[in-house]
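*Asks:* In the numbering used here, the protein residues as written are 778 to 1099.
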Ligand code: F6P
C-alpha cells in the first residue's frame, strides 16, 4: 500500500472532517502518499485528484460539513463511468480508497469494487444512523443535539403561549433521530416510519378526557416525504379542533460543529480505516458494535438500511409523556 485516495460522499455529516484528518495523518505517519477526490465520486469521474498533506488537515476537527466537499454523484451509477473511474485509479497507481459516507456511498463502493477498483475501506457517516452492520454512524450525535436544542427553544414559546407544535426532523426512512430527539425533548408523541400511528388513533389519544396538556410537542420523522408534517398537522387539527404550529428543522440538523462523541469516534474510525488498508484488508466497513470497532462487509445494496428494531422506547415514551 503506497498511494491512497480519500473521499466523502452523500449527505455531509458533522465529524466527517475528524475522520478525514485521522485517516490522512495515520497514512502520512506510515509513509503513504494521500490524495483526495473532491465532491465524493465526482473527483474520480472528472479524473481530478488533489494531494493532501498534514497541514491540509489543520484546524478542521471542529468544523461541520466536509472540507473535501461531497455530492450524491448520479453519473457514478452508470457502469461505463465506473469502469472509467476504476481505470483512472489504476493508471494513477492508487492501491487503496477510503470512502466516508452513507448507504448510497457504500452502494457506489460495492459497484466500484465489481469493476476492479482498488482496495476499499468504508467509514459510516450519516446523521440518519441507518447503516446496517453498525450501531452508530458519524454525525448522528451532533444532529440529535442540534435538533434537541431547537426543540428546547420551541418548548419555551409553546408553553408561554399554551400552544401545540409538531416538529419534523430528518432521518430519511429511519426513525432513529426522531426517537432520540423525542425522548430527550419530552415529546408527547413520536411518529416514526417504522411504527406509524394513524390520524384516527392519534386523534383519539389527543381527545382522551384524561389529557390535561396546555401545550405539547409532537416529534415527527420526515420519512419518505419531507414536509409531510404540514399536511399531518392540518388533518389532526380538523379531526380534533386542536391547532398545531409546524416547525420543519430541515438542513439545520446537518450543520454545526461536531460533538465530542462524533469527533472521537470519527478519529478512531479514520485511524482504523487506514490501518486496515495497510494490513491488506479490502472491501470492508469500519463499524461500531457493542462499543467495539470491528470490520463488517459493506451493507447489502439490495436490502433497506437499518431501522428502529422494536417499540420499546415508544412504549416507554407513552408512559412518561403523560
Ligand atoms: O441522509 C442524510 C439526510 O440529511 C437525510 O436525513 C435527508 O432526508 C437527506 O439527507 C436530505 O438530502 P439532501 O440534502 O440531498 O436534500
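Glycine included, C-beta positions come from ideal geometry on N, C-alpha and C.
Since the model is a prediction, treat every value here as computed from it, not as a measurement.
1) Extract the residue ranges of the beta strand (DSSP E) inside the region 781-844, only unbroken runs of 3 or more that lie entirely within it.
2) On the DSSP bridge list, what partners appear for residue 993?
3) Is it right to say residue 832 is buried, meaning 16 or more other beta carbons lie within 10 angstroms of its own, or is it exposed?
4) Using the DSSP secondary-structure output, state which residues sit across from residue 1021 in a beta bridge.
5) Give the secondary structure of residue 1026 by DSSP, where H, G and I count as helix, E and B as strand, and everything else as coil.
6) For the pair the region 813-830 and the region 1047-1066, tell me if three or more CB-CB distances fall below 8 Å.
7) For residue 1033 versus residue 799, is the C-beta spacing smaller than 8 Å?
8) In the DSSP assignment, find the alpha helix (DSSP H) that holds residue 982 and state where it starts and stops.
9) In chain order, which alpha helix (DSSP H) runs of at least 4 residues are fully inside the region 845-901?
10) Do the region 947-956 and the region 1077-1089 make contact, defined as three or more Cβ pairs closer than 8 Å?
11) Taking 7 Å as the cut-off, is the C-beta of residue 1001 nearer than that to any heavy atom in the ligand F6P?
12) Any heavy atom of the ligand F6P closer than 7 Å to the beta-carbon of residue 904?
13) If you draw a straight line from the alpha carbon of residue 1097 to that of residue 1005, how long is it in whole angstroms?
14) Could you check which residue in 903, 939, 943, 900 has the C-alpha nearest to that of residue 927?
15) Cα separation between residue 1039 and residue 959?
16) Tell me where the alpha helix (DSSP H) around residue 1039 begins and ends.
17) Kindly indicate which three-state DSSP category residue 1088 falls into: helix, strand or coil?
18) Excluding five sequence neighbours on each side, which residues of the same chain lie with their C-beta closer than 6 Å to the C-beta of residue 883?
*Replies:* With the structure as the only source:
1) 810-813
2) Answer by DSSP bridge pairing, in chain order: 941.
3) exposed
4) 941
5) coil
6) A contact between stretches requires three or more CB pairs, one per stretch, nearer than 8 Å, and the region 813-830 fails this requirement with the region 1047-1066.
7) Taking 8 Å as the Cβ cut-off, residue 1033 and residue 799 do not qualify as a contacting pair.
8) Counting along the chain, the unbroken alpha helix (DSSP H) around residue 982 starts and ends at 976-983.
9) 856-868, 880-891
10) yes
11) Not one heavy atom of the ligand F6P is found less than 7 Å from the C-beta of residue 1001.
12) yes
13) 26 Å
14) Per the Cα distances, 943.
15) If you draw a straight line from the Cα of residue 1039 to the Cα of residue 959, it is about 20 Å long.
16) 1037-1055
17) coil
18) 899, 1075, 1076
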